[in-house]
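Numbering (the UniProt record's numbering), first residue to last: 1 to 520.
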């Protein structure tokens with residue numbers, strides 16, 4: 001039995017590792033592999049080249065293979081798939097928003113913050129409507145959103161709302177529309193998936209078109225949604241007569257046929273559904289900040305899984321620079337169980353409806369600090385909302401985060417928000433200055449200290465200004481830049497002379513002073 005098999009790795013995976021001539025696991029692999037196999041969320045930090053990629057890839061490959069095998073043999077899933085009724089979701093909602101037991105009335109008593117909720121179902125093509133009634137004073141915004149949208153309706157490009165102040169909003173752009181509404185007013189929300197239009201009625205009066213949707217925006221389903229601030233609203237999706245008639249050719253959303261209805265998978269408990277393999281619904285998604293890193297991780301996965309048969313794990317690299325039609329064709333015809341990709345192309349495929357997150361079991365962020373610094377926080381949170389938190393075989397969504405440092409504020413904040421009691425594996429530690437190092441800041445101002453003008457011996461600089469006119473005494477930017485470089489050297493010499501520093505003459509290292517030069 002090899003060292004990796006002692007962690008619980010399959011013999012086929014161990015055989016692939018032997019081919020790579022890996023004898024013993026690295027520290028991060030010894031810590032990380034058992035934790036991922038155990039089913040928990042994990043944050044890992046280790047030096048570059050320490051084997052972090054294998055630490056999460058090996059257990060993911062094994063669990064995905066075992067899951068596929070169980071699905072093929074019929075061991076997973078229980079009962080029949082039961083779609084939820086047309087109600088507001090008790091799962092896909094803000095933390096300070098309450099949903100009534102019938103799912104048709106929502107309330108938020110938070111004075112300072114907006115809290116939203118989305119419906120359990122949505123519609124795609126066709127003309128559909130529902131009614132929302134303001135049942136208590138407060139601020140509210142009602143309308144339609146995709147599953148990718150923020151619950152604060154109308155503050156991103158995936159949500160379209162109409163607010164009580166008489167404003168329509170999308171992507172944080174608030175424009176005058178219709179007229180204000182308040183307590184007891186009935187707002188009819190209309191979605192035309194055939195012509196790409198969203199409009200609203202107030203107490204039966206048509207307020208006209210509010211939003212136009214392009215072809216790309218029509219590739220996904222739209223869900224009734226609302227956001228409240230110290231307010232309450234009730235909803236009628238068509239299970240009882242509307243207070244005001246819908247315009248011609250529009251129907252209540254509850255009457256939409258099954259093929260035009262989508263289920264809200266955000267925070268959905270799917271354990272009552274039957275597990276099945278879907279070509280465009282991978283078991284694992286690994287996000288990398290760059291194309292090069294994505295290719296490296298993808299190649300590692302192919303090496304690790306080469307001896308796994310019956311079933312074979314299907315993998316796909318989703319990055320820019322490759323024809324997107326080829327990737328779409330692969331998803332539709334061959335399918336993928338593990339996807340490695342970069343944020344831009346992944347978002348294109350998900351938004352276009354070509355990639356589903358309904359079966360996602362593993363959500364991996366490699367080099368998470370890099371992803372967050374590049375501004376992908378909203379994208380990561382949006383994907384996490386769309387992934388079912390409980391899989392069809394009763395297993396919880398696992399999130400694995402790898403980072404150069406786990407002590408970055410952005411990483412800690414994301415972990416607190418998205419991860420479920422994660423285990424921290426930090427083999428790198430927080431950057432710190434040793435106590436024996438004295439850090440001194442020296443201000444270098446060539447306009448105050450003009451000693452550089454009269455220097456007889458000048459230290460060689462980097463030569464950047466060799467072709468510029470930098471004669472002593474000149475006040476040009478180039479001359480002052482050269483002066484700063486000269487003074488830095490002079491200050492170093494003065495410090496060495498003052499403290500009588502010299503090369504160490506024994507095995508005991510002298511105290512060191514680290515100097516930071518601050519130029520004005």
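Using N, Cα and C, we set each Cβ at its ideal position, and we do this for glycine too.
Where residue i falls: helix, strand or coil (DSSP)
i	result
residue 204	coil
residue 301	helix
residue 511	Residue confidence for residue 511 is low, a pLDDT of 47 falling below 50, so the modelled location carries little weight and cannot support an answer.
residue 447	coil
residue 271	Caution is warranted here: a pLDDT of 44 is assigned to residue 271, below 50, making its placement in the model unreliable, and no coordinate value can be reported.
residue 34	helix
residue 4	helix
residue 486	helix
residue 79	Note that residue 79 scores 42 on pLDDT, short of 50, meaning its location in the model is unreliable and no value can be drawn from it.
residue 481	helix
residue 219	helix
residue 506	At residue 506 the pLDDT is 46, less than 50, meaning the model places this residue with poor confidence; the figure from the coordinates comes in the next sentence. Looking at residue 506 - three-state DSSP - the assignment turns out to be coil, as it is neither helix nor strand.
residue 29	helix
residue 15	helix
residue 59	helix
residue 212	strand
residue 167	strand
residue 308	coil
residue 287	strand
residue 65	helix
residue 527	What is shown of the chain runs 1 to 520, which leaves residue 527 out entirely.
residue 160	strand
residue 294	helix
Which residues DSSP lists as bridging residue i, in chain order
i	result
residue 452	The partner list for residue 452 (beta bridge, DSSP) is empty, contrary to what the question assumes.
residue 188	131 and 201
residue 426	45
residue 577	No statement about residue 577 is possible, as the shown extent of the chain runs from 1 to 520 and does not include it.
residue 396	390
residue 235	132
residue 88	119
Pair within 8 Å by beta-carbon distance, residue i and residue j
i	j	result
residue 530	residue 160	Residue numbering for the chain in the displayed model covers 1 to 520; residue 530 lies beyond these limits and cannot be assessed.
residue 401	residue 358	no
residue 237	residue 130	yes
residue 194	residue 260	no
residue 49	residue 29	no
residue 97	residue 425	no
residue 221	residue 255	no
residue 187	residue 142	yes
residue 226	residue 106	yes
residue 211	residue 170	yes
residue 282	residue 328	no
residue 304	residue 492	no
residue 247	residue 190	yes
8 Å contact criterion, which residue i and residue j should meet: CB distance rounded
i	j	result
residue 521	residue 147	The structure shown does not extend to residue 521, since the chain spans only 1 to 520, so no value can be given for it.
residue 278	residue 364	Not confirmed; about 20 Å, so no contact.
residue 396	residue 420	7 Å
residue 151	residue 118	7 Å
residue 59	residue 33	5 Å
residue 230	residue 139	7 Å
residue 3	residue 403	No, residue 3 and residue 403 are not in contact; Cβ-Cβ is about 26 Å, not under 8 Å.
For residue i, the first and last residue of its enclosing alpha helix (DSSP H)
i	result
residue 360	Segment: none, residue 360 is in no alpha helix (DSSP H) and carries neither H nor E.
residue 325	324–333
residue 348	343–351
residue 409	409–418
residue 372	368–373
Unbroken beta strand (DSSP E) run spanning residue i, endpoints
i	result
residue 263	261–263
residue 9	Counting along the chain, residue 9 falls outside any beta strand (DSSP E), and DSSP gives it neither H nor E.
residue 104	Unbroken run through residue 104: none, as it is neither H nor E.
residue 154	No beta strand (DSSP E) contains residue 154, which DSSP labels as neither H nor E.
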